[in-house]
Structures are given as structure tokens and as C-alpha cells.
Amino acid sequence: MSDPLSIGYSALESLQKAISITGNNIANVNTEGYSRQIASFDEQPGYGVKISGVERNYDFYLSREVQERTAGQFAATTTSDLASRLNTLLTDPATSAAGVLDNFFSAVQDVANNPSTLPERQVLLGEAQTLTDRFQFIDGRIQALSSEINLRMGTVVSEINGLTANIATLNDKIATSLQRTGQAAPDLLDERDRALSGLSKLVGYNIRENEDGSFDVSMGGGQSLVSQFTAQPLTTFVSTTNPNAMAVAGKAANSDISSQITGGELGGLIDFRTNSLDPAQAQLGLIATTISAGFNAQQALGLDMNGAAGAALFSSTTPAVTAASANTGSAVITATIEDASALTGDRYGLAYDGANWSLQNLTTLTSEAVNPPATVHGFKITIASGAAAAGDSYLIDLVGSGASTLSVAMTDPEKIAAALPVRSSESLANRGDGALTGMTVTSTAVAPTLPLANPLTLTFNTAQNRYDVTGGATTNLDYNPSNDAAGVSRTIGGLTFTLSGTPTNGDVITISNNTSASGDNRNMLLMVGLETSKSVEGERTYSDEYGSLVTNVAVKARKAQSTADAEKVLLQQATTARDNLQGVNLEEEAIQLMRYQQALQAAAQLVSIADTVFQAMMTATQR
Numbered sequence: 008m009s010d011p012l013s014i015g016y017s018a019l020e021s022l023q024k025a026i027s028i029t030g031n032n033i034a035n036v037n038t039e040g041y042s043r044q045i046a047s048f049d050e051q052p053g054y055g056v057k058i059s060g061v062e063r064n065y066d067f068y069l070s071r072e073v074q075e076r077t078a079g080q081f082a083a084t085t086t087s088d089l090a091s092r093l094n095t096l097l098t099d100p101a102t103s104a105a106g107v108l109d110n111f112f113s114a115v116q117d118v119a120n121n122p123s124t125l126p127e128r129q130v131l132l133g134e135a136q137t138l139t140d141r142f143q144f145i146d147g148r149i150q151a152l153s154s155e156i157n158l159r160m161g162t163v164v165s166e167i168n169g170l171t172a173n174i175a176t177l178n179d180k181i182a183t184s185l186q187r188t189g190q191a192a193p194d195l196l197d198e199r200d201r202a203l204s205g206l207s208k209l210v211g212y213n214i215r216e217n218e219d220g221s222f223d224v225s226m227g228g229g230q231s232l233v234s235q236f237t238a239q240p241l242t243t244f245v246s247t248t249n250p251n252a253m254a255v256a257g258k259a260a261n262s263d264i265s266s267q268i269t270g271g272e273l274g275g276l277i278d279f280r281t282n283s284l285d286p287a288q289a290q291l292g293l294i295a296t297t298i299s300a301g302f303n304a305q306q307a308l309g310l311d312m313n314g315a316a317g318a319a320l321f322s323s324t325t326p327a328v329t330a331a332s333a334n335t336g337s338a339v340i341t342a343t344i345e346d347a348s349a350l351t352g353d354r355y356g357l358a359y360d361g362a363n364w365s366l367q368n369l370t371t372l373t374s375e376a377v378n379p380p381a382t383v384h385g386f387k388i389t390i391a392s393g394a395a396a397a398g399d400s401y402l403i404d405l406v407g408s409g410a411s412t413l414s415v416a417m418t419d420p421e422k423i424a425a426a427l428p429v430r431s432s433e434s435l436a437n438r439g440d441g442a443l444t445g446m447t448v449t450s451t452a453v454a455p456t457l458p459l460a461n462p463l464t465l466t467f468n469t470a471q472n473r474y475d476v477t478g479g480a481t482t483n484l485d486y487n488p489s490n491d492a493a494g495v496s497r498t499i500g501g502l503t504f505t506l507s508g509t510p511t512n513g514d515v516i517t518i519s520n521n522t523s524a525s526g527d528n529r530n531m532l533l534m535v536g537l538e539t540s541k542s543v544e545g546e547r548t549y550s551d552e553y554g555s556l557v558t559n560v561a562v563k564a565r566k567a568q569s570t571a572d573a574e575k576v577l578l579q580q581a582t583t584a585r586d587n588l589q590g591v592n593l594e595e596e597a598i599q600l601m602r603y604q605q606a607l608q609a610a611a612q613l614v615s616i617a618d619t620v621f622q623a624m625m626t627a628t629q630r
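Quick note: the sequence shown, position 76, residue 83 per our numbering, numbers continuous.
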């Protein structure tokens with residue numbers, strides 16, 4: 008038989024708890040990550056009702072969508088902010104290299120126009136200094152960005168480790184709560200969701216729910232962050248493919264998992280470094296290296312104002328070769344640039360298996376067999392000393408320091424080699440109009456070496472349709488006036504020139520050492536030509552390559568900004584959808600509170616009536 012008094016008291020107790028739950032919802036209306044709690048009533052026939060539990064108004068998939076969109080938005084925003092800074096560095100007239108590169112070549116042209124005067128030469132050295140200063144400045148800012156990324160990665164990894172440790176602890180508490188009461192405490196679940204939300208800002212991840220209520224959390228590639236009640240901390244270490252960069256390792260120490268990381272601030276940092284910052288520094292270094300190599304090579308082929316062979320205008324870039332810390336052999340590997348136009352800016356990994364050497368392009372991941380000393384892709388690999396052991400490896404960075412080490416090696420303007428080391432002249436006794444023009448020097452070391460030991464005499468032989476060459480060269484030059492009068496290119500050793508006109512038999516052209524270099528601009532004109540020559544990878548000019556660098560960075564910056572804008576909208580939509588279900592609505596809570604209060608009043612009335620009846624019965628019994 009039911010007991011009205013017990014029913015009333017049960018209702019009062021349950022409704023007071025429900026009112027408390029509703030009040031808690033109202034109090035947490037502005038608490039981030041709070042999920043609306045709902046009291047579950049369990050009917051007890053004959054004995055009233057009781058609260059069987061408190062449930063969250065929660066949807067796993069809506070919450071997961073918010074976490075994923077948060078990771079995407081923070082990654083895109085991080086990448087966008089950094090890319091914008093890099094883009095500004097490369098394009099702002101105050102920091103860009105485009106303007107100073109134009110000014111430098113303008114000064115080169117001025118020397119070509121006035122090779123015998125010093126002011127133009129002094130201006131050229133000044134513009135060369137400005138150019139090297141600007142390259143060093145840009146590279147320094149890139150290095151500063153790289154250092155910032157390294158510091159931020161360390162901080163973010165530390166924060167990730169703190170959150171994953173907290174999630175593992177909460178997993179334990181949630182599993183214990185579920186085991187003891189059959190229901191996980193809503194506050195614990197909310198706290199774990201808040202930790203997961205914080206983790207989303209730092210890195211992207213996947214979740215798998217276990218039967219005990221715990222979550223397994225892992226990154227792309229399967230790297231575990233949390234396994235039930237155990238957190239797997241991440242660490243940072245110096246990258247084996249970039250000594251200036253930090254890499255991320257998981258369970259296996261120094262095992263680089265950076266490529267597996269996406270989403271969140273950490274993913275954004277790695278994405279920017281990998282796809283924007285490192286390529287930009289390599290491309291800038293490639294431009295600096297080819298400028299230095301191109302001008303120094305042309306200088307070496309000319310004569311200065313004093314008739315001496317041209318000295319280097321710029322300092323030369325020394326490729327960096329870094330031996331792996333795990334190497335057991337004693338081999339010292341060096342790399343030297345042989346042909347700057349064949350360089351790509353890519354880093355290489357050199358490995359020895361105990362019998363053979365292999366070279367891998369770390370950008371394209373293509374490999375090939377090499378046998379040092381070997382020249383490949385514009386550079387030479389040499390074993391300077393020692394012997395390698397099986398498993399030894401080396402990182403070769405050919406141009407990474409090209410911009411930072413670029414400097415002017417010349418201080419004396421007279422040493423600018425504007426002249427060529429040889430001249431040509433036609434004999435006054437010639438009866439025809441045969442001529443030699445367009446002299447260029449490609450090498451001073453190819454026989455006949457320069458300076459010439461004896462003048463070279465080209466005597467036209469009508470019967471053979473050729474120029475007979477004497478004076479140190481054994482190669483005669485075919486020349487048929489009927490076909491070649493308009494001009495034909497010919498080469499003797501390191502000398503290339505154009506023969507033209509209609510010579511008569513016995514006409515002589517002489518190639519001799521240049522003894523009047525101060526007014527000669529022929530080598531300077533060749534330096535002017537470097538502005539438009541395809542010196543970078545044999546495909547682009549210096550300005551084209553810098554323009555390509557700027558364009559690449561700008562495109563990535565715009566893409567990152569567009570992605571960040573899109574992710575912001577998607578995050579807002581996901582958050583709204585989640586909050587509409589899980590969030591606290593004050594109007595709904597007020598209505599619910601009113602219902603509970605009315606029910607409470609009714610239960611109180613029931614208790615009062617039951618008590619009155621009981622008292623009346625007790626009084627009647629006593630009579």
C-alpha cells in the first residue's frame with residue numbers, strides 16, 4: 008500500500024535536486040564547454056519518484072566536429088599570420104631585394120658605359136655592398152622566423168603534453184565513476200571535453216571511445232597521445248634534414264613524426280616551415296649563390312684596369328656538409344660547387360652502406376648511386392679524409408647559407424675586370440673584308456691558355472676554305488665565304504668569336520694579349536648580359552627567380568588566409584550547432600525551473616495534507 012507521506016517526501020527530495028541541477032545550468036550559462044545537465048526521473052510505483060541520474064545534453068559527433076574545425080582554424084590562422092609576415096618581408100620596398108638588384112645591374116651598365124673612370128666603379132662596389140646587405144638582412148629575418156617557430160614548437164609541445172596528461176587522468180576518473188555508479192560524472196566529462204578543446208587549438212587528433220568510458224587520442228599516422236589512462240608525451244629535437252629546425256618525436260626518441268602532424272598551432276607551424284619558409288630560404292640562397300658564382304666566374308675571365316686577371320667580386324659560398332651524430336666512421340665529406348647554374352636549392356642526403364654510396368634528393372626523394380669523388384647536379388662530392396663505416400650518413404646543404412654568407416670580396420674599384428684578356432685585329436695588308444667580332448672568353452685554362460704565350464694568327468686559305476691557325480693552336484677553322492659571310496661562330500680553346508665577311512687568300516687576323524685594358528668594356532658587357540642570362544637552373548634570370556620566390560610566397564599566403572577565413576566560418580557553424588543542443592538556454596531553464604517549483608509546491612501540499620490526515624488519525628486513535 009502506498010504511503011502518501013513517503014510519496015510526498017520522495018517528490019520533494021527529487022524536485023529539490025532537479026531545481027539544484029537547473030540552477031547549476033543557469034549559473035553556467037556562460038561557462039565555456041559546459042553541457043546542459045538534465046535530471047532523469049525514475050518512477051517508483053506506490054512510492055513516488057526519484058532521480059536516477061544526471062545526464063548531459065551531449066552529442067559526440069557535434070562536439071567532434073567543433074574540435075576538428077578548431078584544429079583546422081588554428082592551423083590555418085597560424086600559417087596565414089606567418090606567411091603574411093614573410094610575404095611583407097619579400098615585397099616591401101624597404102626590405103625587398105628586387106629594387107637593390109635592379110640598382111646593382113644599373114651600376115654594372117654604368118661601368119660598361121665608362122670603363123676607364125673610377126666613380127662608376129666605386130658606385131658599383133657600393134651597390135654590390137647594398138645588394139649583399141639586403142640578402143643578409145632577408146636571410147636574417149627568415150632565420151629569426153625559424154627561431155621563433157622553434158621556440159613556439161617547444162612551447163606548444165609542452166602544452167600538448169600537459170593536456171594529454173590531464174586527459175589520461177580524467178579518463179581514469181571517468182572510468183572509476185562509471186564503474187562505481189553506472190554513470191560517468193557530467194562535470195568530469197565536461198572537464199575532459201574542455202581539455203580536448205584546448206588540445207584542438209594545438210594539434211589535430213583522432214578519438215576512439217573505449218568501453219570503460221575512456222578516450223584513446225592519436226594523431227595522424229597513428230602516433231598515440233593518450234591510451235586509456237596513459238599519456239605518451241611528445242618531444243622536440245634538431246631535425247636530421249635541417250640543422251636549423253626542430254622536429255617532433257613521439258614514442259621513439261628522435262624519430263621524426265613532423266610530417267604526420269596536421270591541425271592546430273603545431274600543424275600550422277610545421278606547414279609554414281615546410282612549405283613556405285624553408286623553400287623561401289633555399290630559393291633566396293640559390294639566387295645569392297648563382298649571383299656570386301656568375302660574377303666571380305666572369306671576373307676571372309677578364310682584366311682589371313692594371314692588366315691583371317680579375318679577382319672575385321663576391322665571397323664564395325661554401326656548401327655545408329653535416330655528419331650524422333650516429334656515424335661511427337671517420338670520413339670527412341666536402342662538397343664544392345662546380346656549376347651554379349645546375350643547382351636546384353634542394354638538400355641532399357649522402358649515405359654509405361658499407362660497400363656503396365647513395366645520394367638522395369631530400370625534396371624529390373629520388374636516389375642515385377655515386378662514387379666519390381663524383382660531380383653531380385652542379386656540385387662535387389669528395390672524401391677529404393678518413394674512411395666511412397656502414398650506416399654513416401651526411402646532410403649536404405649547398406645553398407642554404409648562400410644569402411647569409413654573401414658579401415663583397417673587393418674593395419679596390421680598379422680591380423673590376425671590365426676588359427677581356429685578348430684582342431683581335433685585321434692586318435692592314437688584307438685585301439678582303441674578313442673580320443673577327445664578338446670575342447668572348449669561356450676559360451683561361453683551356454689550351455691555348457691565357458695570357459697567350461704567342462699571338463694566334465688566322466690566315467685565310469682560299470683553296471681549303473678555312474683559316475689556318477698558328478701560334479699555339481693546332482685547330483684550323485673552316486670558313487666558306489659563300490655560306491658564312493653573314494657570320495659564323497668559331498672556337499679556339501676558351502675563345503669564342505664570330506667570323507664574317509669575304510676574305511681573300513692570305514688575309515690575316517691576329518688574336519693577341521690585351522695590353523690596353525683600362526678603356527676596354529667587353530668583359531663588362533658580358534657582366535651586363537648576366538642580368539638577362541638564364542643563370543638559375545639554366546631556366547631563369549636572377550630577377551625571374553626572385554619574382555618566382557615572391558610569387559610562391561604570396562600565393563601560399565593568400566591560400567592560407569582564404570583557408571583561415573573558411574575555417575572560421577565552419578567553426579562558427581559547428582559551434583552554433585553544438586551549442587544549440589548542448590548549451591544552456593535561459594528561457595528553457597526558466598520554464599523548467601517554474602515547472603519544478605510548481606511540482607515542488609504540489610508535493611509540499613501533499614506532504615502537508617498527508618501530515619494533517621496522519622495527525623487527525625493519531626488524535627482519533629488516542630481517544
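Here a beta-carbon is modelled for each residue, glycine too, at the ideal position from N, C-alpha and C.
Keep in mind it's a predicted model, so treat the numbers as computed, not measured.
Rounded to a whole number of angstroms, what is the C-alpha to C-alpha distance between residue i and residue j?
i      : j      : result
Glu375 : Ala358 : 11 Å
Gly274 : Ala564 : 16 Å
Arg441 : Arg430 : Strictly speaking, residue 441 in this sequence is Gly, with Arg absent from that position. About 16 Å.
Met8   : Leu185 : Unreliable placement is indicated for Met8, whose pLDDT of 39 sits below 50; no coordinate value is reported for it.
Thr477 : Ile516 : 11 Å
Gly227 : Asn94  : 30 Å
Ser103 : Ile149 : 13 Å
Leu532 : Gly211 : 57 Å
Ile587 : Gln367 : Here the sequence assigns Asn to residue 587, which means Ile is not the residue at that position. So the two alpha carbons sit approximately 54 Å from each other.
Asp66  : Glu72  : 10 Å
Val224 : Thr269 : 14 Å
Pro193 : Ser204 : 16 Å
Phe302 : Ser322 : 10 Å
Phe504 : Val448 : 9 Å
Val163 : Leu170 : 11 Å
Glu134 : Asp140 : 10 Å
Gln439 : Asn512 : Checking the displayed sequence, the identity of residue 439 turns out to be Gly instead of Gln. Looking at the two C-alpha atoms, the distance is approximately 8 Å.
Comparing alpha-carbon positions, which option in the options lies nearest residue i?
i      : options                        : result
Asp263 : Gly274, Asp278, Thr247         : Thr247
Gly479 : Val495, Arg473, Gly500         : Gly500
Thr371 : Val377, Arg354, Gln230         : Arg354
Asn461 : Glu421, Arg473, Ser489, Asn521 : Asn521
Gly229 : Lys258, Asp219, Ala83          : Lys258
Gly445 : Thr297, Leu427, Val164         : Leu427
Gly536 : Ser204, Ser113, Leu443, Val255 : Ser113
Asn334 : Ala394, Leu556, Gly314         : Ala394
Ala101 : Arg71, Phe142, Thr351          : Phe142
Arg473 : Asn487, Ala581, Thr583, Thr464 : Asn487
Leu138 : Glu574, Val233, Leu152, Ser550 : Ser550
Asn251 : Ala83, Ala172, Asn437, Glu155  : Glu155
Ala83  : Thr570, Leu578, Arg585, Ala581 : Thr570
I'd like to know whether the C-beta atoms of residue i and residue j end up nearer to each other than 8 Å.
i      : j      : result
Asn348 : Ser542 : Looking at the sequence provided, one finds Ser at residue 348 rather than Asn. Yes. Within cutoff.
Leu320 : Ala416 : yes
Ala381 : Ile388 : yes
Ala318 : Lys422 : yes
Gly361 : Ala397 : yes
Gly292 : Val406 : yes
Leu206 : Leu195 : no
Asp117 : Val130 : yes
Ser221 : Ala182 : yes
Since residue i is in the beta strand (DSSP E), which residue starts that stretch and which ends it?
i      : result
Phe321 : Careful: Phe321 lies outside any beta strand (DSSP E) and carries neither H nor E.
Tyr68  : Premise fails: Tyr68 lies in the alpha helix (DSSP H), 67 to 98, not in any beta strand (DSSP E).
Lys387 : 386 to 392
Asp475 : 473 to 477
Val328 : 327 to 330
Gly445 : 442 to 448
Quick check: does the Cβ of residue i come within less than 7 Å of any heavy atom belonging to the ligand ADP?
i      : result
Gln150 : Looking at this structure, you won't find the ligand ADP or any other ligand, since it has none at all.
Can you tell me where the alpha helix (DSSP H) holding residue i begins and where it ends?
i      : result
Arg497 : Note, Arg497: premise wrong, no alpha helix (DSSP H); beta strand (DSSP E) at 495 to 499.
Asn461 : Asn461 -> no alpha helix (DSSP H), and no H or E assigned at all.
What does residue i pair with, by DSSP beta-bridge criteria?
i      : result
Asp223 : Arg215
Asp311 : DSSP lists no partner for Asp311.
Leu357 : Leu366, Tyr401
Asp263 : Ala256
Asp485 : Arg473
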